Each structure stands twice: as C-alpha cells, then as structure tokens.
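Colleague: Below is one structure. I have some questions about it.
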Amino acid sequence: MGDTSFLTTRQGRKLAYHLTQGRGPCVVFLGGLKSDMMGTKAVFLEEWAQAQGRAFLRFDYSGHGESSGSFTDGCIGDWAEDTVEAVAELTEGPILPVGSSMGGWQALLLARSMPKRLVGLVTIAAAPDFTEDGYWANFTDAQKQQLAETGQVELPSDYMEPYIITGRMIEDGRKQLVLRDDLELPFPVRFLQGTADTAVSVETAVRLLEHATGPDMQLKLVKDADHRFSDGPCLDLILGAIEEVLAANT
1 MGDTSFLTTR QGRKLAYHLT QGRGPCVVFL GGLKSDMMGT KAVFLEEWAQ AQGRAFLRFD
61 YSGHGESSGS FTDGCIGDWA EDTVEAVAEL TEGPILPVGS SMGGWQALLL ARSMPKRLVG
121 LVTIAAAPDF TEDGYWANFT DAQKQQLAET GQVELPSDYM EPYIITGRMI EDGRKQLVLR
181 DDLELPFPVR FLQGTADTAV SVETAVRLLE HATGPDMQLK LVKDADHRFS DGPCLDLILG
241 AIEEVLAANT
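FYI, full-length UniProt numbering numbers position 12 of the sequence shown as 12, with every residue one higher than the one before it.
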C-alpha cells in the first residue's frame with residue numbers, strides 16, 4: 001500500500017494522499033463525510049488500478065483521516081478546495097472522479113469547476129445538497145435554536161458515531177448547492193444507489209438523475225444495498241461502472 005504522502009494546499013491545509021502512477025485517465029476516489037481514504041471502496045479500487053497499471057488517487061479531506069485540521073472546522077466549500085488542489089497538483093490530463101456519498105457532491109462540484117478535465121463520472125449514493133435538503137430541512141425548531149445559540153448540533157448516524165453539524169457547514173453548504181441551477185454533465189455518468197440506504201434516499205438519486213443533463217447518464221438501483229455499498233457484489237458494480245465509463249472514452 002505504501003507510505004502516506006502529504007500535500008500542503010494554498011489554503012495551508014495538509015492533505016494526506018496515496019497516488020498510484022499509471023496510464024490515464026486517472027481515477028480519483030472522493031470519500032464521504034467523516035470517511036477516510038482507508039475505506040473498503042478506496043482500497044479496493046486502488047488494488048484494481050495497480051493491477052491494471054491505471055493511475056489512481058485517494059486522499060483525505062482536511063479534518064478527515066490523516067489530514068490536518070478538525071472536522072468541525074470544515075465545510076463543503078473547504079473540502080471542494082481540497083479536492084481541486086489535490087487534482088490540480090497531483091494529477092495530469094483527464095480524470096474520472098468516483099464520489100461516494102458527500103464525495104458524490106464533491107464530484108459534481110469538481111465537474112463544475114474543471115469540466116474539461118473530466119472524461120466521465122461515477123457516484124455511489126451521491127448526496128448533493130444534503131446540508132440544506134437533509135439537515136436544515138429536517139431540523140426541529142429546537143435544533144435550529146441550538147445551532148443559533150451554540151453553533152453546532154449533534155446528529156445520530158446509522159453508520160458511525162454522531163455527526164457534529166456546525167452553523168458554518170450549513171451556511172457554506174448553501175453556496176455549494178448543485179440541484180438549484182443547471183447541472184451539465186457532458187460525459188458518461190453512472191449513478192449507483194442502494195434501496196436500503198438510510199442516509200441517502202432513492203428519491204435523492206432520482207432527483208439528481210432528473211435534474212442533471214448530459215448525453216449518457218444512467219442510474220442503477222441495487223435492491224437491499226445499504227449506504228456502505230461495499231460488499232462484494234456492490235464493489236463489482238462500482239468497478240463495472242468505472243470500466244464502462246473508461247471504455248466509452250477509448
């Protein structure tokens with residue numbers, strides 16, 4: 001697996017990463033909220049890339065994994081800056097982002113910021129605009145008051161320890177929304193979504209599919225798959241989606 005390397009961004013954040021050299025397009029894995037680059041999907045895809053001689057990048061956003069900073073100091077916009085910096089500094093030429101959960105939102109932001117670099121897009125339980133449509137929309141009056149008074153709210157998770165959601169994350173998230181304006185994805189796109197996902201709904205996946213525009217876009221629903229989407233069959237589906245997008249560019 002190799003030693004972890006570090007990139008210091010223009011914002012002064014120190015990002016941990018693993019970069020596999022190989023032929024392009026470079027597959028870039030974008031993890032979820034409070035996830036890190038040591039997760040099952042990231043490591044599985046790295047092993048596949050190495051076996052194929054394919055360029056591959058996985059990294060930790062600031063406040064995640066081995067990178068600098070505290071999670072509660074970060075927000076969607078910070079992690080979008082981290083993503084752009086990692087791609088710009090560590091990769092060359094065409095890329096294929098693979099975004100999981102919050103990483104799906106990051107992949108869509110990346111498509112907006114550097115569309116000419118992308119040859120396609122794969123998302124797994126993509127969670128665009130979740131700070132607004134998931135968190136804020138479902139906060140009780142008491143939670144909104146707590147956020148105003150203390151600057152943060154603790155939310156339970158079915159998949160890990162509770163999330164600490166800050167006022168900054170909510171406010172910044174409103175500047176990063178992708179489902180309100182045109183979302184052009186002019187390349188092959190594959191959205192993967194489990195029907196047993198309790199963090200991201202099938203309705204969210206369908207909304208993204210219907211909102212985005214592009215010449216080659218598909219949503220695959222997997223019965224009984226949960227948000228982790230990391231058992232053997234799901235990993236094979238992710239790999240199949242990646243290979244399908246890459247094949248469309250040959």
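Using N, Cα and C, we set each Cβ at its ideal position, and we do this for glycine too. Fair warning: this is a prediction, and the values are worked out from it, not measured in the lab.
Between Q21 and the rest of its own chain, which residues show a CB-CB distance below 7 Å, the 5 nearest in sequence each way excluded?
Modeller: A55
Colleague: Quick check on the burial criterion: 16 or more other C-beta atoms within 10 angstroms. Buried or exposed for A126?
Modeller: buried
Colleague: Less than 8 Å between the C-beta atoms of V153 and I242, yes or no?
Modeller: no
Colleague: Is the Cβ-Cβ distance between R10 and S68 less than 8 Å?
Modeller: Against a cut-off of 8 Å, the Cβ pair of S68 and R10 comes out as no contact.
Colleague: Please confirm if the segment 192-199 is in contact with the segment 222-237, defined as three or more CB-CB distances below 8 Å between the two stretches.
Modeller: yes
Colleague: Run through the segment 94-158 for me and flag every whole alpha helix (DSSP H) of 4 or more residues, listed as ranges in chain order.
Modeller: Runs of the alpha helix (DSSP H) inside the segment 94-158: 102-113 and 141-150.
Colleague: Please state the DSSP three-state secondary structure of E184.
Modeller: Three-state DSSP puts E184 in a strand.
Colleague: So, helix, strand or coil for M169, using DSSP?
Modeller: helix
Colleague: Evaluate contact between the segment 132-139 and the segment 99-108, counting only Cβ atoms and requiring at least three cross-stretch pairs below 8 Å.
Modeller: no
Colleague: Please name the residue, chosen from E171, L155 and E210, that lies closest to D182 on a Cα-to-Cα basis.
Modeller: Among E171, L155 and E210, the Cα nearest to that of D182 belongs to E210.
Colleague: For the segment 170-178 against the segment 71-86, do three or more pairs of beta-carbon atoms, one drawn from each stretch, fall closer than 8 Å, so that the two count as touching?
Modeller: Under the three-pair Cβ rule at 8 Å, the segment 170-178 counts as touching the segment 71-86.
Colleague: Give the C-beta separation of L19 and L57 to the nearest angstrom, bearing in mind that I take them to be a contact with Cβ-Cβ under 8 Å.
Modeller: 5 Å
Colleague: State the Cα-Cα distance for the pair A49 and K144, rounded to the nearest angstrom.
Modeller: 44 Å
Colleague: At least one CB of chain D closer than 8 Å to the CB of Q146: is that the case?
Modeller: Considering every chain present, this structure includes no chain D. It has just one protein chain.
Colleague: Which whole-angstrom value is the C-beta distance of M37 and F59, which I expect to be below 8 Å?
Modeller: 6 Å
Colleague: Look at the alpha carbon of E89 and the alpha carbon of S157, and state the distance between them as a whole number of angstroms.
Modeller: 34 Å
Colleague: Using only the alpha-carbon positions, how far apart do F187 and G214 sit?
Modeller: Using only the alpha carbons, I get a separation of about 7 Å.
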